[in-house]
Every structure is written in structure tokens, then in C-alpha cells.
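First up is the structure itself, then whatever we jot down about it.
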Amino acid sequence: MRDLTLLCLLLVLASSLTAAADRQRRSSIFGMAACVTRNAAVLLPADGRCAAGKLQAAYSAMRDANCINCDKYFHCMGNYRAVHECGNSEDARHAAEVISNCREEADAGGADSAADQEANRYGRGGGDCAHRYLAAVRCAYNPETRRCG
Numbered sequence: 335m336r337d338l339t340l341l342c343l344l345l346v347l348a349s350s351l352t353a354a355a356d357r358q359r360r361s362s363i364f365g366m367a368a369c370v371t372r373n374a375a376v377l378l379p380a381d382g383r384c385a386a387g388k389l390q391a392a393y394s395a396m397r398d399a400n401c402i403n404c405d406k407y408f409h410c411m412g413n414y415r416a417v418h419e420c421g422n423s424e425d426a427r428h429a430a431e432v433i434s435n436c437r438e439e440a441d442a443g444g445a446d447s448a449a450d451q452e453a454n455r456y457g458r459g460g461g462d463c464a465h466r467y468l469a470a471v472r473c474a475y476n477p478e479t480r481r482c483g
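The opening position of the sequence shown corresponds to residue 335 in our numbering, with each subsequent residue numbered one higher.
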């Protein structure tokens, strides 16, 4: 159980996105922590832990890229990888959905929340994230170089 708690805390800390005021960011982190803690059972199966890691990696990549108009691409790819690279199992799918919902809950359903959730669902469903969320929406992120522009 201690490893699970550490994993939850690591996920929460790593998934906080920049570009918000420090106070707002802290509020979001605590909201995410509370939600993940309430739903920690999704991290018990190996596929659930794998999915959490894939989502964390996508959020880190999005933060590092800091690329305008690209957040939906990272939401989509994080969920795609969380499901399809973690056994394509119900455990992976459920963990990705719960963690994505926690992220949106922590952001208090911001103006972008519905579009973020659509990107999350599209990725979990196996959609072509690059086709839908890169050039089509003027996102200049290059997945091969992992750079913007």
C-alpha cells in the first residue's frame, strides 16, 4: 500500500501543468491528489499502474513542449498510450478514464474541459491523435523531434 501511495503522490506532482498562478496550481494539485486518492484502487492492477505512467509521461511531454494549440494532442496521446500500450485491457481503460476525470475535476471544469474530455475519449478509443490534433488545429508540435515548431 505504501508503494501505491507513493505512486499516487508522484502522479499528482508530475501531472501539474504550468501556466497557472502558483495558488491556482497548488489548488489543482491538491484537487488531483484528493481525487486520485479516492480512486486509488484503479492503480492496483499492473495495467492500471502502466496507464498512470503513460498519462504522467504525456503530461510531462506537454509541459516540456510548451506548444500553443497542442494540449488536446497530448491529452489524446496520453490516453491512447495508457490503453493501447498497457495491455488494451479494461483495467488500463478504466484507470485512464478515472485519472483523466480527476485531472478535469481538479481544474474545476474549465472552459476547455469538454474538449479535453473529447480528446481523452478519442485517444482511449484508438483514434488517430496526430491527424485530429496536430496540423488540423495549428499545433506545431513534431512528435519525431519532440519539439514545437
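For every residue, glycine included, the Cβ atom is placed at its ideal position computed from N, Cα and C.
Buried or exposed: which applies to residue i, given that a residue is buried once 16 or more other Cβ atoms fall within 10 Å of its Cβ?
i	result
E424	exposed
C463	buried
A469	exposed
A385	buried
R458	buried
A453	buried
A448	exposed
G483	exposed
Considering just the uninterrupted stretch of the alpha helix (DSSP H) at residue i, what are its terminal residues?
i	result
V417	405 to 418
L389	380 to 399
D450	447 to 458
R480	Counting along the chain, R480 falls outside any alpha helix (DSSP H), and DSSP gives it neither H nor E.
V432	424 to 440
R466	463 to 467
With a cut-off of 8 angstroms on the beta carbons, I'd call residue i and residue j a contact; round off their distance for me.
i	j	result
K406	D450	7 angstroms
Does the region 472 to 481 touch the region 417 to 435, meaning 3 or more C-beta pairs lie closer than 8 angstroms? no
The region 386 to 393 touching the region 404 to 423, judged by at least three CB pairs closer than 8 angstroms: yes
At least three beta-carbon pairs within less than 8 angstroms, the region 440 to 451 to the region 379 to 388: no
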